[in-house]
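First comes the structure, then the notes that go with it.
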Amino acid sequence: MRIYNTLTAKKEDFVPVKPGEVRMYSCGITAYDHCHIGHARSAIVFDVMRRYMRYKGYATTYIRNFTDIDDKIINRAHQEGLAWDAVAKKYIDEYYRDMDMLGVGRADVEPKATEYISEMIAIIRGLIDKGHAYESAGSVYFEVGTFKEYGRLSKRDLEDLMAGARIEVNESKRNPMDFALWKASKEGEPAWESPWGPGRPGWHIECSAMSLKHLGETFDIHGGGADLIFPHHENEMAQSEAFTGKPFVKYWVHNGFITVDKEKMSKSLGNFFTIKEILHKFDAEAVRYFLLSTHYRSPIEFSDEQLKEAEVSIDRYYTTVLRIRDFLAQDQSQEKASIDEKTLDTILGSFIGSFKDAMDDDFNTALSIGGIFELIRILNKYLDGRPLGSRSVELVTRAQNLLKEAGDVLNLFTRTPEAWYASLMRIKQVPMTESDILAKIRERRQARENKDWAAADSIRKDLDAQGIILEDNKDGTAWKIKV
RNA sequence: GGCGACGUACCCAAGUGGCUAAGGGGGAGGUCUGCAAAACCUUUAUGCAGCGGUUCAAAUCCGCUCGUCGCCUCCA
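Under this note's numbering, the first residue of the first sequence is numbered 16, with each subsequent residue one higher.
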């Protein structure tokens, strides 16, 4: 298995610190606003990595934190007229609502910064003792000049950083690049007691404290969005390694951005879409599919057209699921071979190997999805040959199981076709109930039996205008939602 | 200014030295169908931004040029 490591800027063979175990940490959200689709990408990407590690048989421990105290939360609390912790709770609840919809599983531990104040203080104290940090006016700063590796992760030279520093002048820092481990609180701000007086933790220290507690001094994978490389992860690495004297993380993994009109989606540009807005227009599985249909490190251009294509693809999948089900429900007492048995048998034999090859190569979900649709095409072709009997049942059942195995890792295609169509019906706001539709189908069947094609076609056309598509087959007429 | 990434068909997108350049969408033609839809088949890149170079062999490695974007400030 190979993983691209930001630290070395190369794909490397994955060798866990402890054989058979994977310990991973990803930076979650700062709980001060609704999540946008970029947060969804990060969450989904790491969710799939975790699922795949489990699938590969690793004992996997996955930590994803919440930053529940921070300047932005305090500001938001003022705006909304709420207590800071009420703001954090509100947006953490919203986060879970969004992520549950998107099929993102819970991490094994989901620590909140404010629950680890004493651990953070212990690390800060240790950094002062080792000469890597200093107290100034009630705050404590990490002195980047004392850590010779500073800049290694983000490939930056400390001199260049200082030269181009756009950071506001802060008299209490020895060097403009020094960053806060502990911030003195102003009057009226939330504060915790510390050896340096009342204050609150700096942003970076929480991840060091929580990962150290739950994953130990050195762990396997640390991830987040590419915008966290600098300064967040650079600082995290500096303070953690300065404190423990050991390597902090073996593989740093970062996902690419979502763009709108080629520009990074971000709060400051205001070109972002919240998850809720998008789920109002598109099915959650389509959103997940869309995000996994491009490699996690590449940028993805967000657009309604792309989401629509994702819906069409998923619809193709569930249409095939229905075909499989209809096939298996047939009387199979006669044996009839399909023309393309050999092709199907061959791909059934290679499918899981190809799936693993794709995922082993830096979690290439786009390629693995390609493999799924290749199998779908060959299976459809096989079913077009109208096979019957035990041999064909065996082959089709195998295909069904393999598709499920791959889909479970991606957490895609796990619903029933009925659930898919019900969701589409809701999202497309189809103004008819299922019984309305079935009544129309009965009416049309009568017309067809009378060979009144004009009447039959008129009913079909009316339904189409409502977003319902009819498909006549041997056993009757099926309906589905137009995507 | 410093550092980095990307540029593959009409669109999205995989492929980072060697079988005929995955997969999806769209277009065209066909099979099936009362007609459709779905499904399937054929077709849509002798070529991977451009120009050089390395190599028996390059989309893939190197150099330059052009273009797009990101990080250097909170940011997934």
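Yeah, the Cβ is synthetic: ideal placement off N, Cα and C, and Gly gets one too.
None of the values given here were measured: they were computed from a predicted structure.
What span of residues does the beta strand (DSSP E) with residue i cover, start to end?
{"i": "I15", "result": "The structure shown has nothing for residue 15, since the chain only spans 16 to 498."}
{"i": "W267", "result": "V264 to N270"}
{"i": "W494", "result": "G491 to I496"}
{"i": "H237", "result": "F234 to G240"}
Between residue i and the rest of its own chain, which residues show a CB-CB distance below 7 Å, the 5 nearest in sequence each way excluded?
{"i": "L230", "result": "R38, Y40, T76 and I78"}
{"i": "M135", "result": "P216, I220, E221 and A224"}
{"i": "G146", "result": "T161"}
{"i": "A152", "result": "S187 and A199"}
{"i": "P13", "result": "In the structure displayed, the chain extends from 16 to 498; residue 13 sits before or after that span and is not available."}
{"i": "S313", "result": "G271"}
{"i": "R460", "result": "T492"}
{"i": "M68", "result": "V37 and T75"}
{"i": "S407", "result": "S353"}
{"i": "D423", "result": "T429"}
Within a Cβ cutoff of 6 Å, which residues of the same chain sit near residue i, ignoring the five residues on either side of it in sequence?
{"i": "I132", "result": "W207"}
{"i": "I107", "result": "A46 and F81"}
{"i": "D330", "result": "V498"}
{"i": "P511", "result": "Summary: the structure shown does not reach residue 511, with the chain confined to residues 16 through 498, and so no result is reported for it."}
{"i": "W494", "result": "I452, I483 and L485"}
{"i": "P126", "result": "N80 and M225"}
Going along the chain, which residues of its own chain have a beta-carbon closer than 8 Å to the beta-carbon of residue i, five neighbours each way excluded?
{"i": "G120", "result": "D62, R65, R66 and N426"}
{"i": "G386", "result": "F366, S369, F370, A373 and A421"}
{"i": "K497", "result": "K443, D479, G482, I483 and I484"}
{"i": "F317", "result": "I52, I273, T274, V275, M280 and F288"}
Give the range of the alpha helix (DSSP H) segment to which residue i is assigned.
{"i": "E464", "result": "E449 to E464"}
{"i": "F342", "result": "D319 to L343"}
{"i": "K296", "result": "I290 to K296"}
{"i": "D86", "result": "D86 to E95"}
{"i": "K25", "result": "Not the alpha helix (DSSP H): K25 falls in the beta strand (DSSP E), residues K25 to D28."}
{"i": "N416", "result": "S405 to L425"}
{"i": "Q444", "result": "Where Q444 is concerned, there is no enclosing alpha helix (DSSP H), given that its DSSP letter is neither H nor E."}
{"i": "M511", "result": "The shown model of the chain, from 16 to 498, leaves out residue 511, and the question about it has no answer."}
{"i": "W468", "result": "W468 to A480"}
{"i": "E300", "result": "A299 to L307"}
Using the DSSP secondary-structure output, state which residues sit across from residue i in a beta bridge.
{"i": "P216", "result": "W197"}
{"i": "D376", "result": "R17"}
{"i": "G36", "result": "The amino acid at residue 36 is misidentified as Gly; the sequence shows Glu. According to DSSP, which records beta bridges pairwise, E36 is partnered with A74."}
{"i": "E278", "result": "V275"}
{"i": "E109", "result": "DSSP, once it has assigned bridges, lists no residue as partnering E109."}
{"i": "H229", "result": "Beta-bridge pairing links H229 to no other residue."}
{"i": "S41", "result": "R79 and G238"}
{"i": "E316", "result": "T274"}
{"i": "V60", "result": "In DSSP, V60 forms no bridge with anything."}
{"i": "H49", "result": "Note: H49 sits in no beta bridge, so no partner."}
{"i": "V102", "result": "Answer is none; V102 lacks a bridge partner."}
{"i": "V124", "result": "I78"}
{"i": "K351", "result": "L403"}
{"i": "W435", "result": "Paired residues: none, contrary to the question."}
{"i": "W207", "result": "G214"}
Q.
Does the stretch 149 to 163 come into contact with the stretch 109 to 119, if we say contact requires no fewer than three beta-carbon pairs (one atom in each stretch) closer than 8 Å?
A. no
Threshold first: 3 residues or longer. Then list the beta strand (DSSP E) segments lying entirely within the stretch 126 to 175, N to C. 148 to 151 and 154 to 157
Count the CB pairs spanning the stretch 278 to 285 and the stretch 345 to 355 that are closer than 8 Å, and state whether there are at least three.
no
_Whether or not the stretch 234 to 242 and the stretch 257 to 275 are in contact is what I'm after, with contact meaning three or more pairs of Cβ atoms, one per stretch, closer than 8 Å; do they touch?_
yes
| Is the stretch 295 to 313 touching the stretch 334 to 350 in the sense that three or more CB pairs, one from each, lie closer than 8 Å? | no
query = Touching or not, the stretch 165 to 178 and the stretch 243 to 253, by the rule of three or more beta carbon pairs under 8 Å?
reply = yes
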